[in-house]
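Only one structure is covered here, and it is reproduced in the block below.
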Amino acid sequence: MVVTRFAPSPTGYLHIGGLRTALFNWLWARKNNGKFRLRIEDTDLERNKQEAVEAILKAFKWVNLDWDEEVVFQSKRFDVYKKYINDLLKKGLAYKCYLTKEELEIIREAKRKGEEPPIDIRKYRDFKGELDKPYVVRFKTPLTGELCFEDGVKGKQCVKLEEIEDFVILRSDGTPTYNFVVVVDDHEMEISDIIRGDDHLRNTFKQILLYKAFGWDVPKFYHVPMIHNEKGAKLSKRDGAVDVMEYKKEGYLPEALLNFLVRLGWSYGDQEIFSIEEMIKLFDPKDINKAPSRFDKEKLNWLNSHYIKNSPNERLIKLLKEDFEVDIEDHDKKEILIDELKERVKTLKEMAQEIQKILTPPNSYDEKAVKKFINDEVISNLREFLVFLNDKNPKLPPEWHEVMNEFLNLKGIKPKALMPPLRICMVGDTKGIDLSALLSVLGKDEVKKRISKFLANFEVF
RNA sequence: GUCCCCAUCGUCUAGUGGUCUAGGAUACCGCCCUUUCACGGCGGCGACACGGGUUCGAAUCCCGUUGGGGACGCCA
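Using the working numbering, count along the first sequence one by one with no gaps and you end on 787.
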């Protein structure tokens, strides 16, 4: 059975890159009728935040990725890790190291300069006694030889074992470290396939060494390239939204985000649009690219507008209310409004702004537009149209269209002398949804009010 | 600095030795549609990083150069 997992550390929020790895793992598990599990890597007691776990689970909920069985918290499993560390200690596969932080700093400094460190980091590797000093436990890595494994994305990966130092598996405060707990948990959770960022490639060798020390089966690894920012570097907070929930705030639909992410580093021929079902059916980690990809917001926008266009109005109205405090549930022309808007906006946020613009009477008029379309003749047209409206009762867009045409014919004037000006009266400029729809949404009373307001305003000049 | 990874239009990518005068998408530009802005339709611009091999033949294989990225923690 294919069992995959996503194992974030709770330091803040769900990262957009993390969501992609989670998605890959989730898809692979679902495709194989396997399991997708969640594990919180909170062994570093100092850096963890309780709210972060909540935030991560909330993000999962938003994008609608579910997981199997209960979430595993590493902080609750310290006893288990302790037991395995003692095993290694007993077997002589690990040892207590009494090097001080100062001594390690000297070693690290030398290494950074490319010099031979004055202190041997393996100083206590063969030390037999016990010291009454704080210690860490280090894993004994083989001194010579080569270690290779077949990566599902990058192919055969090898390292000279002399390059891998005796890494710490238990801190001096008695807590185990990442590389150790990952192996124990992945084994106990029976994880079969691990899809993760290629920044973990180096760790994989250490982890395989641990699997071998315990005599456990090594899972299949897939190292996927990082997502880069526009400049080609690792995606960070400074590049804008890296928190998944930011995208909800910005008005993105979760399926648009997932569709965007799944195509970053993975493809299926020329196909761009994937439903979740299609992703599950078509995804295979062996098709993941080796090269890193950049986060391109324009493409996300395009996908988002696609999904907005194809969403039922009901859903959009609900989201508008919940996420953007724009409540048009009781508006009698809400369907017309949404039908018009969903064709043209890229985000829900934009849609909310457009609705505000339409529903709130303008308190100023765009200078350029006024200059271009308003003159004495137009003013008198608007006055007469106001009167003309008195014994008309248009409701739907075609009816408004008809009324305007009637007026144009009656007066023998061009559309330009009425329509753009009308729009200026309504919203302050010449941009926006179809004029007939706009008038229909506002309703006759409001239309008259806004024309009057404009005329009053104009007479001040 | 050491080690590792990567390299097709601006961006996401198709391509696995001949079907490539390199395909799609996005972005951009133009035209059409249109009272406006969008949407949509049509068209255009635009890439195999460079240099050597191998081969009858290379975007595809090998080597080097260059460029980019990552890892070098008692973080994960």
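Glycine included, every Cβ here is placed at the ideal spot set by N, Cα and C.
Keep in mind it's a predicted model, so treat the numbers as computed, not measured.
query: Give a yes or no on whether the C-beta atoms belonging to A420 and K387 are separated by under 8 Å.; result: no
query: Give me the Cα-Cα distance between G577 and P334, rounded to the nearest whole angstrom.; result: 25 Å
query: Can you give me the Cβ contacts of F787 inside the same chain, cut-off strictly under 6 Å, excluding the 5 residues immediately before and after it?; result: For F787, the pLDDT reaches just 47, beneath the cut-off of 50, and the residue's location in the model is therefore unreliable, although a value from the coordinates is still provided. Hits under 6 Å: none found.
query: From the DSSP output, which residues share a beta bridge with D477?; result: G481
query: Classify F780 as helix, strand or coil using the three-state DSSP reduction.; result: helix
query: Taking DSSP as the reference, what is the three-state secondary structure of E472?; result: strand
query: Mapping the DSSP letters down to three states, classify R451 as helix, strand or coil.; result: coil
query: Taking the alpha-carbon of T326 as reference, which of D760, A782 and F547 has the nearest alpha-carbon?; result: Past the edges of the chain, shown from 327 to 787, lies residue 326, and the structure says nothing about it.
query: Give the DSSP-derived three-state secondary structure of P502 in the structure shown.; result: strand
query: So S317 and K659 are supposed to be a Cβ contact under 8 Å. How far apart are they, rounded?; result: The structure shown does not extend to residue 317, since the chain is modelled only from 327 to 787, so the question has no answer here.
query: Hey, quick one: how far does the beta strand (DSSP E) through L364 stretch, first residue to last?; result: K361 to I366
query: Per the contact definition of three or more C-beta pairs closer than 8 Å, is the segment 514-531 in contact with the segment 445-460?; result: no
query: Can you tell me whether DSSP reads T673 as helix, strand or coil?; result: coil
query: Identify the residues that DSSP records as bridge partners of C423: which are they?; result: V462
query: What are the uninterrupted segments assigned as alpha helix (DSSP H) that are 4 or more residues long and contained completely in the segment 393-445, given in chain order?; result: 404-416 and 427-439
query: Classify F787 as helix, strand or coil using the three-state DSSP reduction.; result: A caution first: F787 carries a pLDDT of 47, below 50, which makes its placement in the model unreliable, though a value can still be read off. Coil, per DSSP.
query: For V329, count neighbouring C-beta atoms within 10 Å of its own C-beta (all shown protein chains included) and say buried if the count is 16 or more, exposed if not.; result: buried
query: Using beta-carbon positions only, say whether C484 and L473 come within less than 8 Å of one another.; result: yes
query: Are D665 and N639 touching if we call contact CB-CB under 8 Å?; result: yes
query: Alpha carbon to alpha carbon, what distance is there between E728 and N735?; result: 11 Å
query: Mind checking G418: buried by the 16 CB within 10 Å criterion, or exposed?; result: exposed
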